[in-house]
Every structure is written in structure tokens, then in C-alpha cells.
Amino acid sequence: MLAAFFKTPGVVELREVERPEPRNGEVLVRVTAAGICGSDVAFFRSKQRDWHRRGHEFAGVVEKVGEGVQRLKRGDLVAGVGSVPCGECSGCARGEPQLCSNVRAAGVGAFAEYVCNGEEFFFKIDGLTGEEGALIEPLTVAMQMVRDAGVGFGSKTLLMGAGPIGLMALNICKASGARAYVSHPTSSRARLEAARGMGADAVFSPNELTQRLLEREPEGVDSAMVTIPPSIGIAQAASVLRVGGTIALIGMEFEPEANLRLDIDRFHFRKLRLIGSNHNPCAPLYPEAARLLREGIVNVEKIVSHRFPLFWIKEAFEFATERRDEVIKVMIVAED
Ligand SMILES: [Zn+2]
Ligand SMILES: [Zn+2]
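Counting in numbering that gives the first Met the number 0, the sequence shown runs from 0 upward without gaps.
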């Protein structure tokens, strides 16, 4: 089978490797769609790392099951599950699997013709397309962030960053009846247009954000969701929150020195809260994510902006990296 190997920054190679055989409890899936994540793009551009595989947002068709597999059979359409709770730690025992302290990750490697993994790392997606299935994992990132921000009917929230995660969070916020503002650099035309088309109550460029948002919401907003580099995002979010407001943060800055300087007086006197919004383990969120896609609350056609076959993986990554004005999400799709 073909599989993509990365040597970063900037090198991709398609290699012929042996197709894995599913062992006891494992399932072999033919990948039909795999999304390029923002984390993949950031890695591709900046990190120095020797040959490795990537791809963690995907769906496909079960090709073969190993012995002892209970739920799945050949021909089932499945989405890859990024991580599962251990079921045994104190978080799991408290009934809070999202606070599991021993998360089991599926690993990466979906930019390939096949993926083989334990049955628990696949979720059946009856009624969804492969591309919708491949959106479930990033959608759970958005869902966890919206939950952590405490968004609900009538609340006012700010989404910082209109990438796929921010846009899907916007879909959920609007479906919940919240007022949702978006800030994003004007250089990213496609993302700004998408945010407007998805019903953002207003879209601001980052340099006018504080002033223009406070004109509309003089007491500040209830919450902010930060999907941009936190070194910029947190201070700006803190400047537009109401007293007692919440910042939910996806803090992937990819640098060991991603430490911040914060105006702690502001956090103290304004009684602000900062929540690290890691979605892992994401498995418990999959059924609800599938519903959001099935009911059209999140629409794949509005998130996936470009499609490339696996054979063009190099071009796909270069496109996602260089054409920032046009790209929302790039999907690698199987040709058949
Ligand atoms: Zn991702
Ligand atoms: Zn656990």
C-alpha cells in the first residue's frame, strides 16, 4: 500500500509499504478521506523531525477484521477515533471520562491507503459520508471548546480564529442561540467570508477587535475561545471579557518556550477564568459530533475547501501552507 512519510520542515514522500494484517481485536480500514489539520500544517512548516507518518482525522471502509472483533464487519463505514479514555483512572471512575488521566491515543498515519488499529479506535458512521466522518475528530475539538466556554442560549461569545475549529465552533454557538463574534486577520479571505456566511454577528480584524467589540458589548462578552497563538490571544481575550468571563484555550503553540506573560491583576479583579480545552479523550464526544453533521448543523461543504488525491499529498501540503488566503480545510480523498 502507499503511505506518506514526512521529514519536516517541508519534505513529503509517498512510499510503498506492506499492508498491515489485522491481529486479534484489530480492524483494517481502507481510508477514503483524511483531513489536513492545522497542527499538520504547523508541523510541516516549522518542526525539525526525522521521517514519520501523519494524519489523524480520517474515515474509511472496513476491509478486514481480526479475530475477536465484535462490533465491526467488512464494508462498515467508520471514522477514526483519535483517543479513548482508560476506564480505570479516578477521572473515569468519577464519571468524567473527559478528565481521564491515562488517555490512550490512536496514533497517526492516515495519509495512507490503509490504517490498521484496535476496534475501539473506530466509530461506525451510518448515514454519513467519508468526508463527514473525517471531520468528526476536529469537530470534537470545537465541541469541547464550546462546552468549556459555557456557551448557551443568549450568551455572548468571541471566537478568536476562523480556521476549521473556529468555524465549526461558530456553527455550534449559532445553533445554541448564542451571540457569536469572530476575529480573524483580513489576509484570510476564505475564512472571513465563511464566518460571515455562517451567521457570525460581526467579524473583526484583530487590531480593531477590542475597540469595536466593546462598542457593541460595553460590559464585555461572557466567553472567548482562543484558537490562535495564545501569546496573542489570551491578553486580547482578557481585554474584552465581562467580569467573571471565561477563556477556553486551544494552546498549541508548538514551542517548548510557549510560556506567557499575563496581566494577573486583570484576571484577579475581573474574576476571569482560563480553561485549557484539550478534547482528548475524544471518543465520548463522537456520537454527538455525528449528530451535528447528520443534522447539518455542521456542513462539510462549508468547511472542506479543497480536495487532493493521496498521490498529490506533497502538492496538498504545499497548497495548505502557501495559499492561506483561500484554504479552509484541505482533504485527502481516495479516487474510485
Ligand atoms: Zn487535528
Ligand atoms: Zn481514565
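Virtual Cβ for every residue (Gly too), placed ideally from N, Cα, C.
These numbers were taken from a predicted model, which means no experiment stands behind them.
Using a cutoff of 8 Å, the CB of residue 85 counts as near ligand 2, since one of the ligand's heavy atoms is closer than that. Secondary structure note for residue 267: its alpha helix (DSSP H) is the uninterrupted segment 263–268.
The residue from 142, 209, 154 and 280 with its alpha-carbon nearest to that of residue 100 is 280.
With a cut-off of 8 Å, the C-beta of residue 96 is classified as near ligand 2, since at least one heavy atom of the ligand falls inside that distance.
Here the C-alpha atom of residue 114 lies approximately 10 Å from the C-alpha atom of residue 60.
Residue 303: member of the beta strand (DSSP E) spanning 303–308, first to last residue. Shown here for residue 35: same chain residues with a beta carbon closer than 6 Å to its own, the five before and five after excluded, namely 319 and 329 in chain order. Beyond the five residues adjoining it in sequence on each side, residue 164 comes within less than 8 Å, by CB distance, of 37, 137, 140, 141, 144, 226 and 249 in the same chain, given in chain order. Residue 332 is positioned such that its CB atom lies no closer than 9 Å to that of residue 310. Ligand 1 has a heavy atom closer than 8 Å to the beta-carbon of residue 38. The residue from 152, 204, 285 and 185 with its alpha-carbon nearest to that of residue 222 is 152.
By the beta-carbon neighbour count (other beta carbons within 10 angstroms, threshold 16), residue 150 is buried. Note: residue 128 is not bridge-paired with any residue in the DSSP secondary-structure output.
A residue is called buried when at least 16 other Cβ atoms come within 10 angstroms of its Cβ; residue 216 meets this threshold and is buried. Closer than 8 Å to some heavy atom of ligand 1: that does not describe the Cβ of residue 280. Secondary structure note for residue 231: its alpha helix (DSSP H) is the uninterrupted segment 229–237.
For residue 147, the closest C-alpha among the options 326, 87, 22 and 97 is that of 97. Boundaries of the beta strand (DSSP E) harbouring residue 182: 178–182, taken from the DSSP string.
The beta carbon of residue 88 lies closer than 8 Å to those of 99, 100 and 101 in the same chain, with the five residues before and after it left out. Fully enclosed alpha helix (DSSP H) runs of no fewer than 4 residues occupy 285–293, 299–302 and 312–321 of the segment 271–334, in order along the chain. Distances between the C-beta of residue 136 and the heavy atoms of ligand 1 include at least one below 8 Å.
Residue pairing by DSSP puts residue 27 in a beta bridge opposite 63 and 115. In the three-state DSSP reduction, residue 49 falls in the strand class (E or B).
Taking the Cβ of residue 277 as the reference point, every heavy atom of ligand 2 lies at 8 Å or farther away. The segment 264–284 makes contact with the segment 79–88; the number of CB pairs closer than 8 Å reaches 3 or more. Residue 222 is bridged by DSSP to 156 and 245.
Scanning 207, 192, 239 and 214 for the CA closest to the CA of residue 325 turns up 192.
Approximately 16 Å separates the beta-carbon atoms of residue 208 and residue 230; this is outside 8 Å, ruling out the contact.
Comparing alpha-carbon positions, the option among 180, 245, 154 and 287 lying closest to residue 267 turns out to be 245. A distance of 9 Å or more separates the beta carbons of residue 27 and residue 14. Residue 55 places its beta carbon less than 9 Å from that of residue 106. The DSSP-derived three-state label of residue 83 is strand. At least one heavy atom of ligand 1 lies closer than 8 Å to the C-beta of residue 140. Following the DSSP letters along the chain, one finds residue 192 in no beta strand (DSSP E) but inside the alpha helix (DSSP H) bounded by residues 188–196.
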